[in-house]
Amino acid sequence: MRTYIKYALLAAATATAGQPALAEKADQLVDINGSYGRDAESALQARGFQHTSTHKQSNGYVYSYWWDASDRSCVTVETYDGRVQTITDAGDGDCGHHRVSGGEVLGAVAGAALIGVLATHKSHHHDDDKHHEDRKAEQDYERGYTDGLHNASYHNYDRSDAYSSGYQAGVDERNANLSHHHNRGGYASVARIDDLRDARAAGGMTELEARGFRQVDNFTSGDTRYSIQYNSATRQCVQVTIADGRFYDIRDIGSNPKCR
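In the working numbering, the protein residues as written are 83 to 342.
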């Protein structure tokens, strides 16, 4: 086993090709677009796909990766507001499988031995949805992503743009994963607000008042209205974005000059 891992590491480190050719399976899955996430999951499993990972973004998009071992296909499923938006082809590495010498594909278990050589971030983390072809840039991006994801200090000692972009991607995913957290510790009390997203504006405002909030500021931009709400008991400062008569977004913004 040790010899095998050593061989795999050497093959991965010396490979000169970029991402392997995609199997182009996504074009056979377009009928799943628009379906609810739970229905898409059943449909993908029925067609031989297995889920490998899911990643959230702070803008509300969720990306999940699915692997079909029968033809070595990896696809990305982009979901927003509970519905599938797109399904696109992805590289083997995005599904935890890594093609090395002779076209052989290492599975996720074997691939775990390649930590530090093969990226753990996914193609959607990049602005153009593609991994860097330059190995050094990809390694810098991965280091930045890992630092940002785990809340490590920003340490861009190479002054690398790839590291900077990767760090921001890691921070974004960390914030999305912790969207349930109120940025408080210990036993500090908080008022729940996440369940009010998409509530009707009138009912949502009434419920915020019942939970101890009061409006301290209010402004509009085009057809969108923003309300700043403050809860003196829990010291929560919340911004509500209202569009089309509903709470389009509601989040704790930490502080505001009017929140006092």
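Even glycine gets a Cβ: it sits at the ideal position worked out from N, Cα and C.
Given the structure is predicted, the values throughout are model-derived calculations rather than measurements.
Per DSSP, which one or two residues make a beta bridge with residue i?
i       : result
Ser-135 : Tyr-147
Gln-311 : Gln-297, Val-320
Ala-172 : Cys-156
Val-166 : Thr-161
Ala-325 : Arg-328
Thr-302 : Arg-307
Short of 6 Å in beta carbon distance, which residues of its chain neighbour residue i, apart from the five on each side in sequence? Order them along the chain.
i       : result
Gln-167 : Glu-160
Gly-226 : Tyr-245, Gly-248, Tyr-249
Ala-108 : Val-157, Ile-169, Thr-170, Asp-171
Gln-230 : First, the residue type needs correcting, since residue 230 is Gly and not Gln in the sequence shown. Result list for Gly-230: Tyr-249, Gly-252, Val-253, in chain order.
Ala-219 : Ala-244
Leu-111 : Ile-169
Ala-315 : Gly-294
Tell me which residues share the same chain as residue i and place their Cβ nearer than 7 Å to its Cβ, disregarding the 5 neighbours each side in the sequence.
i       : result
Gly-116 : Arg-165, Val-166
Asp-331 : Arg-279, Thr-323
Report, in whole angstroms, the separation of the C-beta atoms of residue i and residue j, which I expect to be a contact under 8 Å.
i       : j       : result
Asp-254 : Gln-139 : 6 Å
Glu-291 : Leu-278 : At roughly 12 Å, the Cβ-Cβ gap does not stay under 8 Å, so Glu-291 and Leu-278 are not in contact.
Trp-149 : Leu-126 : Rounded, the Cβ-Cβ distance is 10 Å, inconsistent with contact.
Tyr-162 : Gly-142 : 6 Å
Thr-136 : Ser-146 : 4 Å
Asp-276 : His-263 : At roughly 10 Å, the Cβ-Cβ gap does not stay under 8 Å, so Asp-276 and His-263 are not in contact.
So what does DSSP say about residue i, is it helix, strand or coil?
i       : result
Tyr-239 : coil
His-206 : helix
Tyr-330 : strand
Asp-109 : helix
Tyr-269 : coil
Ala-292 : helix
Gln-122 : As written in the sequence, residue 122 is Ala, which differs from the Gln given in the question. Ala-122: helix per DSSP, three-state reduction.
Ser-246 : helix
Ala-234 : coil
Arg-342 : coil
Ala-284 : helix
Ser-117 : coil
Lys-218 : helix
Ile-129 : Note on identity: in this sequence residue 129 is Arg, with Ile being the wrong assignment. Reduced to three states, the DSSP call for Arg-129 is coil.
With a threshold of 9 Å between beta carbons, is residue i in contact with chain D?
i       : result
Ala-270 : In the structure shown, chain D cannot be found, because there is only a single protein chain.
Please work out which residues of its chain come closer than 8 Å, Cβ to Cβ, to residue i, disregarding the five sequence neighbours upstream and downstream, and give them in chain order.
i       : result
Gly-130 : Asp-150, Ala-151, Ser-152
- Query: If we count Cβ pairs, one from each stretch, closer than 8 Å, do we get three or more for the stretch 264 to 272 versus the stretch 149 to 158?
  - Reply: Below 8 Å, too few C-beta pairs join the stretch 264 to 272 and the stretch 149 to 158 to call them touching: fewer than three.
- Is it true that the stretch 327 to 340 meets the stretch 298 to 314, where meeting means three or more beta-carbon pairs spaced less than 8 Å apart? Result yes; three or more Cβ-Cβ pairs closer than 8 Å.
- Message: Check whether the stretch 273 to 290 and the stretch 316 to 326 are in contact - that is, three or more C-beta pairs closer than 8 Å.
- Response: Yes, the stretch 273 to 290 is in contact with the stretch 316 to 326.
- Is there contact between the stretch 200 to 220 and the stretch 168 to 178, where contact requires at least three CB pairs shorter than 8 Å? Judged by Cβ distances under 8 Å, the stretch 200 to 220 makes contact with the stretch 168 to 178, as three or more pairs qualify.
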